[in-house]
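Single-structure report; data block below.
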Amino acid sequence: MIEFLNRLFGREPSSRTAKERLKLVLLSDHLSLAPDVIEALKHDLFEVISRYVEIDAANCDVTFEQREKQVAMMANIPILGMQKRPAPPPVPPASHTNGSSKPARKASANGSGTPRRRRRKAQPQSMPQPQLAQGSPQPT
Amino acid sequence: MINQVVQDEVPVAGDVPRVRGRAIVVTSGKGGVGKTTTTANLGTALAALGASVVLVDADVGLRNLDIVLGLEARVRHHVLDVLEGVVTLDEALVTDKRVPKLRLLAAAQTREKDDVDTAAFRDLIGTLRDRFDYVLIDCPAGIEKGFVNAIAGADEAIVVCTPEVAAVRDADRVVGLLGDDRKVELIVNRLRPALVRKGKMLSVDDVNDILHLPLLGVIADAPDVIVSTNRGQPVALDPASEVGESYRAIARRITGQDSAAPEIPREKTFLGKLFGGRS
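Sequence order for the protein chains is A and B.
According to this note's numbering, the first sequence is numbered sequentially starting from 9.
According to this note's numbering, the second sequence is numbered sequentially starting from 22.
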């Protein structure tokens, strides 16, 4: 009866809240990463992939699962289409600084509502960013 | 130093197991989840099954296992007396007259955990394993020196966890610190089935979805435990107590006499409440 009423009024049982909170805090304990850093990781992951293919940002999902002794990260990233690739794929060091702000905005516009972290206050030295315009996906 | 103490000892009859005994540390990380009560009751239940058992209180400075067992009046010496060669091991061991196969090695009350040398403590546990079937070590709360000492000589661990967020988080931390070389099992303590049904308490499955440990047993939150602790009579000795039976079942699972999956306590019926009370 009580459960029924709670469900009627959309109240989640506190045990479920407890479990969800525990999962999140243990994830951050295990990875030694603060929850907002995990958010930033997800964001960067989407950004990197959207450099190569057009992704369905609104339906992207990254989850972490505790397996026996380690944490597994699972990303579900629907691809809308293969877009024009930048001529040469970015070489690792260049791609590191290549965090163009465009896909960032795109990813954050997917309705999650959480403010994204300030990204790389200090841009590592002036690196040429030739692929920037090319590599960033055009808003669809 | 330990070896010297032990050499001139005559083993007590019945204390000599055929094979080396098992050293199991009872730990939790968080305080107040029932480590000492669990140690006392499992030790009592194991000894009642006929195994020779020694309980070691590793909570130096906050000695409690003796009072939970009801043996506080008979403790003359403690673990540091033995480690420092003041008395022999046999002089420090207290025999439980209710279950004569049970011995207690009390902690020092007026000393600090840092006074205990980890290697010496590990050697002491090794010595006890040569003489007893089971060495149960009551670990202090926390993950500092007392914890390090308590787990040093143990090749198995029982993690006691209550269905609360803080206890689960700390248990998770402790499991990580226990490493991969120990057998680690879980006891969920103080479960309140009625609250679980209402969605107001984490269930055993909820807890173990997070901890992923083999489940050794589940103990309900019952007044019997409080009453028996008040009296210094472990509830495992009470044949009429359901919680006592839960402890006895865990003891049988430890010895291998019972291989069935642990029972999850259920809500008491109205009649059960009416007749099950104890004061």
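The C-beta atom is built at its ideal place from N, Cα and C for all residues, glycine as well.
Amino acids of chain B, ordered along the chain, whose beta-carbon sits closer than 9 Å to that of residue i
i, result
"Val-33/A", "Val-186, Arg-190"
Interface partners of residue i on chain B, CB under 7 Å
i, result
"Arg-30/A", "In the sequence under discussion, the amino acid at residue 30/A is Leu, which differs from the Arg named in the question. Those within 7 Å of Leu-30/A in chain B are Val-186, Val-189, Arg-190, Ile-231."
"Ala-83/A", "Under the 7 Å cutoff, chain B gives no residues; its nearest Cβ is about 22 Å from Ala-83/A."
"Ala-26/A", "Val-186, Leu-223"
Inter-residue spacing [alpha-carbon to alpha-carbon] between residue i and residue j
i, j, result
"Lys-51/B", "Tyr-60/A", "48 Å"
"Ala-79/B", "Lys-204/B", "20 Å"
"Asp-111/B", "Leu-49/A", "59 Å"
"Ala-188/B", "Leu-114/B", "32 Å"
"Leu-207/B", "Leu-88/A", "46 Å"
"Ala-281/B", "Asp-259/B", "22 Å"
"Pro-161/B", "Leu-232/B", "20 Å"
"Glu-20/A", "Gly-174/B", "45 Å"
"Gly-277/B", "Ile-179/B", "15 Å"
"Ile-57/A", "Ile-46/A", "17 Å"
"Val-107/B", "Asp-135/B", "18 Å"
"Asn-84/A", "Val-70/A", "6 Å"
"Ala-26/A", "Val-217/B", "12 Å"
"His-104/A", "Glu-55/A", "Residue confidence for His-104/A is low, a pLDDT of 43 falling below 50, so the modelled location carries little weight; the figure read from the coordinates is stated next. Roughly 12 Å between the two C-alpha positions."
"Met-81/A", "Arg-252/B", "51 Å"
"Ala-141/B", "Gly-82/B", "18 Å"
"Gly-119/A", "Ala-65/A", "Confidence at Gly-119/A is low in this model, with a pLDDT of 39, below 50, so its placement is unreliable and the value that follows should be read with caution. Between Gly-119/A and Ala-65/A, the C-alpha separation is close to 9 Å."
"Ala-66/B", "Arg-273/B", "8 Å"
"Leu-92/B", "Ser-249/B", "13 Å"
"Asp-138/B", "Val-54/B", "26 Å"
"Ser-116/A", "Pro-244/B", "The predicted position of Ser-116/A is uncertain, since its pLDDT is 37 and thus under 50; no value can be drawn from it."
"Val-77/B", "Ile-285/B", "29 Å"
"Ser-23/A", "Met-90/A", "43 Å"
"Thr-18/B", "Ala-192/B", "With chain B running from 22 to 300 in the structure shown, residue 18/B is simply not present."
"Arg-190/B", "Glu-105/B", "36 Å"
Residue(s) in a DSSP beta bridge with residue i
i, result
"Arg-75/A", "Gln-78/A"
"Arg-43/B", "Tyr-155/B"
"Cys-182/B", "Val-209/B"
"Ala-83/A", "Val-70/A"
"Thr-48/B", "Val-180/B"
"Gln-76/B", "Looking at the sequence shown, residue 76/B is not Gln but Leu. Answer is Leu-125/B, Leu-157/B, bridged to Leu-76/B."
"Gly-89/A", "Glu-62/A"
Amino acids of chain A, ordered along the chain, whose beta-carbon sits closer than 8 Å to that of residue i
i, result
"Lys-221/B", "Pro-21, Ser-22, Ser-23"
"Asp-18/B", "Coverage of chain B is limited to positions 22 through 300, which leaves residue 18/B absent and any answer about it impossible."
"Gly-117/B", "Contrary to the premise, residue 117/B reads as Asp rather than Gly in this sequence. By Cβ distance, chain A contributes nothing, its closest Cβ being about 38 Å from Asp-117/B, past 8 Å."
Chain A residues whose Cβ lies nearer than 9 Å to that of residue i
i, result
"Asp-136/B", "Ordered by position in chain A, no residue passes the 9 Å Cβ test against Asp-136/B, which lies about 31 Å from the chain."
"Asp-227/B", "Ser-23, Arg-24, Ala-26, Lys-27, Leu-30"
"Asp-87/B", "The premise fails here: Asp-87/B is roughly 35 Å from chain A at the closest Cβ pair, so nothing lies under 9 Å."
Residue i at chain D interface by Cβ criterion, 7 Å
i, result
"Asp-154/B", "Among the chains of the structure shown, chain D does not appear; the protein chains present are A and B."
Contacts that residue i makes with chain A (C-beta to C-beta distance below 7 Å)
i, result
"Asp-242/B", "In chain order: nothing, as chain A lies at least about 15 Å away."
Pair every Cβ in the stretch 66-74 of chain B with every Cβ in the stretch 87-104 of chain B, then say whether three or more of these pairs are closer than 8 Å. They do not touch, by the three-pair rule.
I'd like the ranges of any alpha helix (DSSP H) spanning at least 4 consecutive residues and lying wholly in the stretch 90-129 of chain B. Those alpha helix (DSSP H) runs which fall completely within the stretch 90-129 of chain B and span 4+ residues are 100-104, 110-113.
Pairs of beta-carbons, one from the stretch 133-151 of chain B and one from the stretch 41-49 of chain B, closer than 8 Å: are there three or more? With a cut-off of 8 Å, the stretch 41-49 of chain B and the stretch 133-151 of chain B count as touching, because enough Cβ pairs lie within range.
Taking one C-beta from the stretch 56-68 of chain B and one from the stretch 183-202 of chain B each time, how about it: are there three or more such pairs within less than 8 Å? Result no; under three Cβ-Cβ pairs closer than 8 Å.
Using 8 Å as the cut-off, can you tell me whether the stretch 152-172 of chain B makes contact with the stretch 252-268 of chain B, which would need three or more C-beta pairs spanning the two stretches below that distance? Flag = no, the stretch 152-172 of chain B and the stretch 252-268 of chain B do not touch.
Can you give, in chain order, each stretch of the beta strand (DSSP E) that sits fully within the stretch 203-287 of chain B and has at least 3 residues? Runs found: 204-212, 236-241.
Any chance the stretch 36-49 of chain A sits against the stretch 236-248 of chain B, with 3 or more Cβ pairs inside 8 Å? With a cut-off of 8 Å, the stretch 236-248 of chain B and the stretch 36-49 of chain A do not count as touching, because too few Cβ pairs lie within range.
Taking only runs of the beta strand (DSSP E) that begin and end inside the stretch 18-68 of chain A, which ones reach a length of at least 3 residues, in chain order? Listed in chain order, the complete beta strand (DSSP E) runs (minimum 3 residues) inside the stretch 18-68 of chain A are 61-63.
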